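In terms of UniProt numbering, the sequence shown opens at residue 1 and continues consecutively.
The beta-carbon is built from N, C-alpha and C at its ideal position, and this holds for glycine as well.
Given the structure is predicted, the values throughout are model-derived calculations rather than measurements.
A quick write-up on the structure given underneath.
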Amino acid sequence: MTGGAMRWAKRLAGASFLLLLIGVISLWQAEASIYDNLDPGQNHLLELEAGQSGEVSLTETGKYVALRIEGGGEAELRLLNSTGEEEEGATPGVWEAKRVTENGTSYMPVRVFTAIEAGTYTLHNDGDSTLWLVDDVSAGAALFKDRWFVLMFLGCSLGLPLAGVALFLAIIDWRRAKKGGSPVIIPSEGRLPTTDELYREYRGLPQSEVERDVPDPFVGQVPVADEPQREEEKSDWRGWDEG
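Printed below as a string of structure tokens:
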């Protein structure tokens, strides 16, 4: 059993290493595509200078993020629907981290809009710096059109769990081997332990009471000699024959 666990651990570790290697190579190949799709300066719905406004068509399934260059101030924007009602949006959370482009420019999310009614909206930039509006759902879908990104995603998402399973099996094998390698304890009687005793010692079970040896039923008895009886029978036969 322990040998089988270690064999599977080695196989899974090898498969994990191969998948992670494919993921790293694919990431290097897909790096340019990732930067292009996630760069707000290149991939955006709206780009508004200070004081400008613009119309944009939004859908219910989209996730729209408003960004400014790091240090560009607060949100300072208004998103109005066709009837003039303002969409409040939400404050960016941990999933909306800043985005650093290939040339080192950092964009900070300032407002997030999700689950809004489909329609045409007007975005007003009330700040004193440039404002970008991007659709993260569309950007993510575009990334999966790149085969290198798909290979990177599969390599990392499969390689890491396999590495965890391989480590788990290796730990199990090590613990069982350590437990099975304990020295054999010779009983005080000086005899070799029985199979039952070895099994109980391996499993950590209490030793059963030692069965007492059954005494020999003929111990102490003297064998009965049958030679005199045979001589007597022989004499009786001779007397009867002689009359």
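*Could you please give me the residues that DSSP links to W132 through a beta bridge?*
E47, L67
*Environment of R11 [buried if 16+ CB atoms lie within 10 Å]*: exposed
*Reducing DSSP to helix, strand and coil, say where G104 ends up.*
coil
*asked:* What would DSSP say about V165, mapped onto helix, strand or coil?
replied: helix
_So, with DSSP's three-state summary, where would you put V150?_
helix
*Contact check, residue 248 vs V56 under 8 Å by CB: the rounded distance?*
Any property of residue 248 remains undetermined from this structure, which presents the chain solely from 1 to 243.
*asked:* Suppose contacts are defined by Cβ-Cβ distances below 8 Å. Is L45 in contact with D135 by that definition?
replied: yes
_Helix, strand or coil at A13 according to DSSP, with G and I counted as helix_ = helix
*Just the C-alpha distance for L67 and T114, rounded to the nearest angstrom, thanks.*
15 Å
*Local conformation of residue 311 per DSSP, three classes*: In the structure displayed, the chain extends from 1 to 243; residue 311 sits before or after that span and is not available.
*By Cβ distance, which residues of its chain are closer than 7 Å to S16, with the 5 residues on each side in sequence left out?*
G159, L162, A163, A166
_Since V110 and A141 should fall inside the 8 Å C-beta cutoff, what is the C-beta to C-beta distance between them, to a whole number of angstroms?_
Not quite, the Cβ-Cβ distance comes to about 24 Å (not below 8 Å), so this is no contact.
*With distances taken between CB atoms, is the gap from Y35 to E87 smaller than 8 Å?*
no
*Counting only the same chain and skipping the five closest in sequence on each side, list residues whose C-beta sits under 6 Å from that of V100.*
S106
*In this structure, does DSSP put E197 in helix, strand or coil?*
helix
_Considering only the alpha carbon of each residue, which of V65, R78, A32 lies closest to D126?_
R78
*Tell whether a beta-carbon distance below 8 Å holds between Y64 and L133.*
yes
*Identity of the residue in T59, G71, G93 nearest N81 by Cα*: T59
*For R147, count neighbouring C-beta atoms within 10 Å of its own C-beta (all shown protein chains included) and say buried if the count is 16 or more, exposed if not.*
exposed
*Looking at V112 and G62, is the spacing between their C-beta atoms short of 8 Å?*
no
_Residue range of the beta strand (DSSP E) that includes V56_ = 53-58
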